C-alpha cells in the first residue's frame, strides 16, 4: 500500500516526466488493501481489495513486475537482482518491503498446520486447512497465538470458518500495546462472552503433531500453565518485524530493534536509497500503521523532486471494530507522560469504558482509550496536544448528562486539528476545500484524500460540511448521485431489472455494500423475481444471501410464518419435531412466532422442505420486509374485545407478507383500547373501537423508541386496508436506505400532517397508483423458500465447508445458564495491519 502511494504521489507531482518507475513486487497480486484483509474471508474475491489504479495501465512511465522477488542490492553498480535472474539498474532506490509475521521459536512452529496472517495467499492456506480440519472431524478448534490487533483479526477469520477459536496471549490483557488494564479487561470480557476461549498471561511451550488412525492430522498445543488444546491449525499473530534482510546484506544501517535506519527525509546512509512504510526506522523508530507509511511515501516523492519535506511524526491512534466490539486509542493512551493525570468512566451495565490522559494541570489532552462506545473518538483525537474547552469529565460523561463529547462537535476544533490521520489532513485543509467548492463527502475525499484509507474519519467530514452550512447531497452513495427514492422512480419508469443495467446507465464504478442491497430491495419491491435469481443473488446482504438470520455464533435461525400468532396444532407439532431432529433451540418471540436457532447453512433446505411440505412458509425474519402482525385474542375469546383483531391481523399479514422495504416493518392489531398487542409500538398499529379501527403509524423500536401516532379514526375494514396500502407504498417509494418509518415521517416536510394528506386525502393524486402497486404485490407473492426448494441452482448455494454436513458443529453447541440454553460464538468485523512488498526503480 505504501509503495503504491509513493508511485501515485510521484506520478501526480512529476509533471515533466523526469522519472520512470519500476515496481518489483514479490506477490502475484498488485497493491491491495491490506488494512481490509479480513474482508477477503467474506467474499474470496481478490479484485475487491485491489487499490484503484494498481496496474498503472496506460502510463508508460511505470512498469509493474509481479512475482519478482529481489534477492540482492548491488550498491556499487546501482543494480538490484531478482530471483528470476534479471538485473534492474536504478538512479534512486526505494525500499518498501514492509514487514513479516514474527513466529516465536516454539518447538513445532514449522509444522504444516501452522500459519501466519499477512497476505491473501496466507488466508487461502488458512482456509484450506480449516476445510481439512472440518472434513476430518477430529477437532473443530483453531488456535491463535497473539492477542493484539492482528491476533483478534485472525480469531475473527477462524470463527468465520466455523472453528471454535482459542486466543493465547502472553500479556495479561488483549491489545496490550493500545489499551490500558481496565480497557483490555473489558474487551476481554466482551469477547469471552461471545464464545472465544482466551488464555491470557500464558506462553506456548510446544506444538505437537498428532496423526489419527484414518490418516488425518491435527496438532496439540501445550501451554506454559500445562493446559493442552487439541486443534486443527494454529495461526501465529505474535507481532511483526521489518523486512530489512536485503538492507542488511547490502550494508545499509539498521536500527537497534530492526528496520532500515533513515533520517527525517526517509533517506538511508546511502544517499541514493530511501525506505518507506513498515521497513523504515525513521530516526530509529518503525511505525506499524498505514498512516505514517503514507506520510513517509509523500516525503520521499517530494525529495525525489528536489523538495525538502521531512517526516513530521505520526499519529498512532487506532479506531477499530474487533469481533463486534468498538475499540479506540489515541495519543498517550497508556499514560507514559510523567506526572500525567487520568479521568475515566467505566459503565459496567452498558459495557463501556472511556479514559482521558491529561497534563499535570488537567488542561491539555494527551490521549485516551475508548471501549464499547467510540462515538466521541472523532472529536477527541484531534484535540490531543490542545487545551481542553472545558471540564474533561464532561467529554466522556454519558450522553444523558447533556455534556457528552459528541455535543462539542467539530466546530470546537482548531483549524490545525488533524481530522484524517492516515493522510495527514487537518480541519483547515478541509474547510479550505469546502470554500473552494467541495460540497459533499465524495468531493472532499477526492480533493484532500481524507477518508480514503481506513474511513474512520468519514463521519467527521459529514459533520464538518454541516457545520460549514453546506447542504448535504442525498446521493445513495459515491456510485449513485441519486437518492434511494429517485432510484426507485428510475427503476419504475425504465423497467430496468438488473443492478448492472442501472449502474451502466445512471451510476459509476462497480457498486458497494451500500448501493447493492439497496438496489436489490428496490428491485424486489417493484418486481416479482425471486431475490436469488441471477445477478440479484450477489447483491444481497448476509441474511438475504441464505434467506435466514445469521446469529452471533455463525449459525442461522429458521422462522416460519405464523399469521397473527394463529397456529394449527399440527404446525406446532411439526416445529417441535424439527427442533428435536436438528437439535435446535426454540424461542417464542415478542411477535408471536416460534424461532428455531442453531441451524447450519447446509441444514436450512432440509428444515424448510419439511416446513413447506407441512403447509408453512417463510416468515421473512431475514429480510428488510414486513415481518409480523401481532394480535391479541380478540372477540373470539376476550370478553373486552370489540372487533375481530385476530382475523384482521391474519388478513393484514397475508396481504403484506414478503413486501420488501427500506427497513423491516412490524404491525400490530389490538381488539380493544386495552392494547394487549402493543400496536402503538409498531410501524403500523391498528386498535379496535366500537365504530371500527383507529390507525396509528410510525412506532419503532431501536436506539430511539417511538410511539406510533394516530393517522385516522373509526375506519371500516376496507378503508383501513386502503390506507395501510397507501402508507406502506408511500414509505417504500420515498424513504432513505435503512430508514425506519418513525425517522422517515420526521424527515418529511410537514411530518405526520403531510403523511395524512397523502394517505387519507390523496393530496399527491397517487392513491390509486399506490393501491394498484400493492395489488400487484399481493397477486405475485410466492414463498421465497419454496422457490429455492424447486430450483437446483438456488439449492446449490446452501453448501459450505464451514458447516460441513454430518459433522458435529461445536460452534452451534449450547451452554446451560440458569436452566436456559445459550449459544457460544460471535459475529465480527475488523481490520489487519498493512504490509507491501515492492521496490520502485526510478530515473533511468
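Numbering (UniProt numbering), first residue to last: 1 to 844. Just so it is clear, CB atoms sit at the ideal spot from N, CA and C, and this is done for glycine as well. This structure is a prediction, so every number in the text was calculated from the model and none was measured.
Within the same chain, 317 and 330 come within 6 Å of residue 381 by CB-CB distance, once the 5 residues on both sides are set aside. With a contact defined as Cβ atoms closer than 8 Å, residue 376 and residue 358 miss out at about 15 Å.
Residue 609 holds the alpha-carbon nearest to the alpha-carbon of residue 790 among 683, 706, 609 and 761. Contact annotation: residue 10 and residue 21 have beta-carbon atoms nearer than 8 Å. Beta-bridge partners of residue 358 (DSSP): 341 and 365. Straight-line spacing of the CA atoms in residue 588 and residue 111 works out to 48 Å. Straight through space, the alpha carbons of residue 253 and residue 363 are spaced by roughly 42 Å.
In the DSSP assignment, residue 230 falls within the beta strand (DSSP E) that extends over 228 to 231. Judged by DSSP in its simplified three-state form, residue 265 adopts coil rather than helix or strand.
The C-beta of residue 546 has 16 or more other C-beta atoms within 10 Å across all chains shown, which makes the residue buried. In the pairwise beta carbon analysis, the segment 752 to 767 is classified as not touching the segment 513 to 522: fewer than three pairs are separated by under 8 Å. For the alpha helix (DSSP H) assignment, the uninterrupted runs of no fewer than 4 residues enclosed by the segment 253 to 305 are, from N- to C-terminal side, 290 to 304. Residue pairing by DSSP places residue 694 opposite 687 in a beta bridge. At the C-beta level, residue 108 and residue 226 stay beyond 8 Å of one another. Contiguous alpha helix (DSSP H) elements confined to the segment 571 to 631 occur at 604 to 613, taking only those with 4 or more residues. Restricting attention to beta strand (DSSP E) runs no shorter than 3 residues, the segment 59 to 133 encloses them at 62 to 65, 70 to 74, 79 to 82, 87 to 89, 92 to 95, 99 to 101 and 114 to 116, ordered along the chain. In the DSSP assignment, residue 711 falls within the beta strand (DSSP E) that extends over 709 to 715. Non-local beta-carbon contacts of residue 490 in its own chain, meaning distances under 8 Å to residues more than five positions away in sequence, involve 482, 496, 502 and 506 in chain order. When beta bridges are read from the DSSP output, residue 418 appears opposite 426. Under DSSP, the beta-bridge partners assigned to residue 706 are 700.
Under the Cβ criterion (8 Å, minimum of three pairs), the segment 218 to 236 does not count as touching the segment 75 to 82.
No residue range can be given for residue 555, since it is assigned to no beta strand (DSSP E) and is classified by DSSP as neither H nor E. Here residue 672 is not bridged, per DSSP, to any residue. Within the DSSP secondary-structure output, residue 208 pairs in a beta bridge with 220.
Looking at the DSSP output, residue 549 bridges to 557. Going by DSSP, residue 793 is part of the alpha helix (DSSP H) stretching over 792 to 795. A direct Cα-to-Cα measurement between residue 153 and residue 374 gives close to 19 Å.
In the structure shown, residue 236 falls within a strand segment according to DSSP collapsed to helix, strand and coil. The segment 521 to 533 and the segment 778 to 787 touch, with three or more beta-carbon pairs separated by less than 8 Å. Three or more beta-carbon pairs separated by less than 8 Å are not found between the segment 605 to 622 and the segment 632 to 651, which leaves the two stretches without contact.
Between the alpha carbons of residue 82 and residue 63 lies a distance of about 15 Å.
The C-beta of residue 798 has 16 or more other C-beta atoms within 10 Å across all chains shown, which makes the residue buried. If you draw a 10 Å sphere on the C-beta of residue 102, you find fewer than 16 other C-beta atoms in it, and that means exposed. Residue 41 sits away from residue 178, with the two beta carbons spaced by 8 Å or more.
In this structure, the CA atom of residue 709 is about 22 Å from the CA atom of residue 564. Under a 10 Å Cβ-count criterion, residue 772 is classified as exposed, with fewer than 16 other Cβ atoms of the shown protein chains found around its own Cβ.
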